[in-house]
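> In this note's numbering, the protein residues as written are 18 to 753.
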Amino acid sequence: MHLFQQLNPEQLEAVQIVEGPALVLAGAGSGKTRVVTFRIVNLLEIGIPASAILGLTFTNKAASEMKERVRGLTERNVLISTFHSLGARILRESIHFLGYKRDFTIYDDEDIDKILKVCLKNLNLDDKKEELKYWKSLFSQVKNSLSTPERLKDKSGSAVSIQQFQILYSCYQKKLQECNAVDFDDLLYLPVRLFKEHPDVLARYQERWPFLLIDEYQDTNEAQYTFLRLLAEKSHNLFVVGDPDQSIYSWRGANIRNILQFEQDYPGAKVIRLEQNYRSRTNILDAANALIRRNKSRYEKTLRSDLGPGEKIKLYRAHSEGQEAEFVVERIRYYHEKHQVPLSQIVVFYRTNFQSRIFEDQFLSRRIPYVIVGGISFYQRKEIKDILSYLRVIYSGADVVSFLRTINLPKRGLGEATLEKILAYAVQSNQSILTACHSIVEGKDNAAALKLGTRQNKGLSEYLSLVRELKEIAKSCSLKTLVQTTIENSGYLDYLREDRENFEERKGNLDALITKANEWEAAAEKPSLEAFLEELSLKSSLDEASSSKERVHLMTLHNGKGLEFTLTFLVGMEEGLFPHLNALDNVDSLEEERRLCYVGITRAKEYLYLSFCRQRMLWGITRQQNPSTFIFELPEKHIEEVRSRIGASSPTRISRDIREENIVEEPFGDEQVVVAPKSDAPKTHSIGDAVYHREFGAGIIRDVYNGSVGLTYKIIFTKDSRERNIVAKYAILSNI
């Protein structure tokens with residue numbers, strides 16, 4: 018067929034597979050969607066009925082696009098859907114075998130909250146919004162792992178007993194079935210249960226869809242994996258496309274072992290590697306190949322490109338996060354104006370959401386339109402708006418909206434009816450809201466008629482005392498101290514802790530607000546709380562008003578998968594930030610962080626910048642930072658270290674080995690390339706050596722081995738009796 022002339026030899030080989038299990042290892046930018054689409058076309062061309070083919074992917078958008086491509090090429094309709102859509106279809110036909118009626122309802126979050134509240138009330142457990150979110154997360158873990166409540170490992174450290182959880186889960190499932198309803202996770206969980214408990218039902222679906230095609234197989238969880246194994250058990254015609262090097266969603270339940278053990282699960286499976294990349298220049302791909310080879314949990318493959326070497330990857334060391342953001346914005350302006358790179362073809366990737374703040378500030382001040390992809394603008398995040406509302410109450414006792422937002426953060430026993438009475442009294446007595454509250458607490462004039470309960474009166478009194486205390490601090494202390502004290506003394510952190518799942522990220526956003534206050538005050542001619550609040554209000558309004566489609570993209574690396582950009586920035590490449598602190602002591606987690614870095618690098622088509630800071634304000638404290646492990650893992654021949662000449666009268670020397678002083682500099686357009694000689698090999702130690710680490714203290718080497726990042730020591734440290742894997746080339750160890 019003439020269509021297949023568009024395919025390279027590996028793509029054509031994959032497309033022409035008809036029967037048997039097959040794994041297509043589709044590297045970044047290798048045309049996997051084309052392969053899946055054309056394979057369906059080929060099956061149709063050789064006479065396989067459209068009704069016998071089933072395609073599965075993870076998003077409705079991907080399913081719709083693939084379905085339209087097939088229809089456009091063949092004028093045939095093939096069932097291509099998401100896993101959950103297929104699950105719903107199967108349950109509509111066969112859920113009665115599990116004791117449900119076919120006209121079941123799929124409950125949304127609001128519906129689930131209602132029945133979960135009933136169950137929590139029966140067990141005398143808290144039913145606050147954050148608690149509901151927590152329990153729903155645990156229920157989801159149980160179903161997506163095909164586990165049971167008693168086997169669930171609760172990593173959050175909850176004090177609730179397994180027995181309580183079992184009772185709650187049982188109550189929840191019973192209520193769902195009484196309502197003839199299912200939740201979103203049931204759309205996978207129940208079909209698996211149906212197939213296992215009713216083999217005759219499974220056999221009907223196996224006969225209906227003997228040809229299965231799965232996209233993004235590396236992202237499947239336990240329920241999806243089992244669902245597919247059962248469906249393909251008879252025909253073995255399972256065609257999966259994926260890339261273990263891009264498996265970055267373990268926190269969602271995705272299991273990389275599903276794709277790595279494919280040949281064990283399906284003996285005799287064909288494995289085809291798509292290594293021709295149609296997106297990136299060779300320098301970018303060669304660096305990405307070298308990085309990902311350090312992972313052990315993978316299939317070997319090497320991406321290649323015919324697009325030419327292109328420019329080398331640029332590495333920039335900033336003194337601070339402010340300088341890093343200024344550099345990125347300066348480079349964006351340069352490429353946009355001098356190279357006509359559209360803003361929509363530019364992206365700034367970061368590891369965690371709180372990092373967006375400093376870049377948003379720069380874009381807003383330079384009037385560069387931007388969009389936060391897969392997230393909320395920093396100044397629109399709930400925790401930021403909550404604390405800014407506290408600051409507005411401190412500044413103006415008449416701000417009713419900010420009063421209402423903060424009065425029950427945390428809960429103070431003042432319900433809607435009581436607050437309506439307080440507002441009515443303030444209007445009738447012609448007083449500001451705070452003055453009215455003081456009158457009520459003190460029982461002045463006709464305010465005594467409100468007759469607040471003991472708990473309500475106490476809650477209102479505590480709130481007024483807090484505001485009074487913070488007003489005094491605002492008179493004499495720095496803005497940074499005021500913001501920090503507001504967060505601490507208001508009890509807001511305790512309120513945030515109720516959101517167990519997102520506490521660290523939301524606290525990180527508050528830390529970024531403290532940093533913002535500190536930076537703003539240092540730069541302002543006449544710093545004041547009024548001016549600070551006014552500027553942030555303007556930033557928020559500008560951000561909301563930006564509707565241009567031509568915008569720079571800001572996003573976390575996790576949101577970048579499947580995208581591509583002409584100009585790409587990976588910022589905050591610092592140890593403990595990226596790779597994340599939580600991954601440093603775990604080999605599997607570190608490998609996932611490396612895959613995340615690989616995904617970021619392979620989004621770049623023409624120009625790629627990596628940047629890190631020597632110091633960064635984290636958690637309210639200025640900290641000295643070290644370059645990311647991943648920077649050192651990229652071959653030097655593909656990297657150019659640069660600095661911006663803008664605002665730099667005395668340039669700081671840059672070296673991938675930050676201890677090296679012998680640096681050679683040479684001009685490079687608007688930048689300057691800095692070439693550093695290679696560092697010496699690390700000093701080696703032996704098993705049994707007593708060593709000292711400047712962070713972990715004294716320890717004994719228990720083992721020495723070659724890990725995924727080179728020579729590694731297994732050391733047990735005496736300070737906390739904890740065993741850690743320390744990479745030799747990055748550790749500074751001294752003999753004791």
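Backbone N, C-alpha and C define an ideal beta-carbon position, used for all residues, glycine too. Remember, it's a predicted structure, so these values are computed and weren't measured experimentally.
Determine the direct distance from the alpha carbon of residue 361 to that of residue 757, and round the result to whole angstroms.
The question about residue 757 has no answer, for the chain in this structure spans 18 to 753.
> Going by C-alpha distance, which of 209, 133, 140 is nearest residue 111?
Closest by alpha carbon: 209.
> Using a 10 Å radius around the Cβ and a threshold of 16 neighbouring Cβ atoms, would you call residue 577 buried or exposed?
That one is buried.
> Is the segment 262-270 touching the segment 113-121, taking contact as three or more C-beta pairs under 8 Å?
No contact exists between the segment 262-270 and the segment 113-121.
> Less than 8 Å between the CB atoms is what I'm expecting for residue 41 and residue 277, so what's the real figure, rounded?
Actually they do not touch by this definition, with Cβ atoms about 15 Å apart.
> According to DSSP, is residue 290 helix, strand or coil?
Reduced to three states, the DSSP call for residue 290 is strand.
> Taking residue 590 as part of the alpha helix (DSSP H), name the residues at either end of that continuous run.
First-last for residue 590: undefined, no H or E at that position.
> Residue 331 and residue 616 - do their beta-carbons sit closer together than 7 Å?
No, they are not a contact pair.
> Residue 476: which of 500, 444, 436 sits nearest, CA to CA?
Nearest option by C-alpha distance: 436.
> Indicate whether the contact test is met: 3 or more Cβ pairs, each with one atom in the segment 125-132 and one in the segment 190-208, closer than 8 Å.
Contact holds: three or more Cβ-Cβ distances are below 8 Å.
> Roughly how many angstroms separate the alpha carbons of residue 441 and residue 400, rounded to a whole number?
Looking at the two C-alpha atoms, the distance is approximately 28 Å.
> Grab me the residues of residue 136's own chain with a C-beta within less than 6 Å of its C-beta, minus the 5 sequence neighbours each way, in chain order.
Within the same chain, residue 136 has close Cβ partners 185, 188, 189.
> For the beta strand (DSSP E) that residue 740 lies in, which residues bound it at each end?
Where residue 740 is concerned, the enclosing beta strand (DSSP E) stretches over 739-744.
> With three or more beta-carbon pairs closer than 8 Å as the criterion, would you say the segment 579-593 touches the segment 539-549?
Segments in contact, no.
> Output yes if chain B places a C-beta closer than 7 Å to the C-beta of residue 22; else output no.
No chain B appears in the structure shown, which is made up of a single protein chain.
> Tell me, to the nearest whole angstrom, how far the beta carbon of residue 497 is from that of residue 534; I am working on the premise that it is less than 8 Å.
Their Cβ separation, rounded to whole angstroms, is 5 Å, which keeps residue 497 and residue 534 in contact under 8 Å.
> Secondary structure at residue 502, three-state DSSP: helix, strand or coil?
The answer is helix: DSSP assigns residue 502 an H, G or I state.
> Do residue 415 and residue 618 have their C-beta atoms closer together than 7 Å?
Result no, Cβ atoms of residue 415 and residue 618 do not sit closer than 7 Å.
> Taking its Cβ as the centre, do 16 or more other Cβ atoms sit within 10 Å of residue 235, making it buried, or is it exposed?
Burial call: buried.
> Could you name the residues of the same chain whose beta carbon sits closer than 7 Å to that of residue 298, not counting the 5 residues immediately before and after it, in chain order?
Counting only Cβ-Cβ distances below 7 Å, and skipping sequence neighbours, we find 322, 324, 325, 326, 327, 623.
> I want to know whether the segment 330-346 touches the segment 55-63 - three or more CB-CB distances under 8 Å.
Contact fails: fewer than three Cβ-Cβ distances are below 8 Å.
> According to DSSP, is residue 63 part of a helix, a strand, or is it coil?
Coil at residue 63, not helix or strand.
> Suppose you measure from the CA of residue 160 to the CA of residue 241; what does that come to, to the nearest Å?
Going from the Cα of residue 160 to the Cα of residue 241 covers about 11 Å.
> Note down the Cα distance separating residue 52 from residue 422, rounded to an integer number of angstroms.
Residue 52 and residue 422: Cα-Cα distance of roughly 53 Å.
> Pairing CB atoms from the segment 637-652 with CB atoms from the segment 345-361, are three or more of them under 8 Å?
The answer is no - the segment 345-361 does not touch the segment 637-652, with fewer than three Cβ pairs under 8 Å.
> Who are the Cβ neighbours of residue 144 in its own chain at under 8 Å, not counting the five residues just before and after it?
Only 133, 134, 137, 138 meet the Cβ criterion.
> Can you list, in chain order, the residues of its chain with a C-beta nearer than 8 Å to that of residue 703? Leave out the 5 residues immediately preceding and following it.
Around residue 703: 718, 721.
> Between the segment 197-209 and the segment 99-118, are three or more C-beta pairs nearer than 8 Å?
Yes, since at least three Cβ pairs between the segment 197-209 and the segment 99-118 fall closer than 8 Å, the two stretches touch.
> Name the two residues that bound the continuous beta strand (DSSP E) containing residue 334.
Where residue 334 is concerned, the enclosing beta strand (DSSP E) stretches over 330-335.
> For the segment 496-512 against the segment 442-461, do three or more pairs of beta-carbon atoms, one drawn from each stretch, fall closer than 8 Å, so that the two count as touching?
Touching, no, given that fewer than three Cβ pairs across the two stretches are closer than 8 Å.
> Are the beta-carbon atoms of residue 228 and residue 97 separated by less than 7 Å?
It is not a contact, given that the beta carbons lie outside the stated cut-off.
> Near residue 635, what residues of its chain come up, given a Cβ to Cβ distance below 7 Å and the 5 sequence neighbours on each side ignored?
Cβ neighbours of residue 635 beyond the five flanking positions: 528.
> For residue 39, report the span of its alpha helix (DSSP H) as first-last.
Element bounds for residue 39: not the alpha helix (DSSP H) but the beta strand (DSSP E), 39-43.
> If you scan the segment 205-293 from start to end, which runs of the alpha helix (DSSP H) of 4 or more residues do you find wholly inside it?
Fully enclosed alpha helix (DSSP H) runs of 4 or longer: 216-225, 239-248, 274-277, 279-282.
> Please classify residue 333: is it buried, with 16 or more other beta-carbons within 10 angstroms of its beta-carbon, or exposed?
So residue 333 ends up on the buried side.
> Any idea which residues DSSP pairs residue 388 with across the strands?
DSSP, once it has assigned bridges, lists 570 as partnering residue 388.
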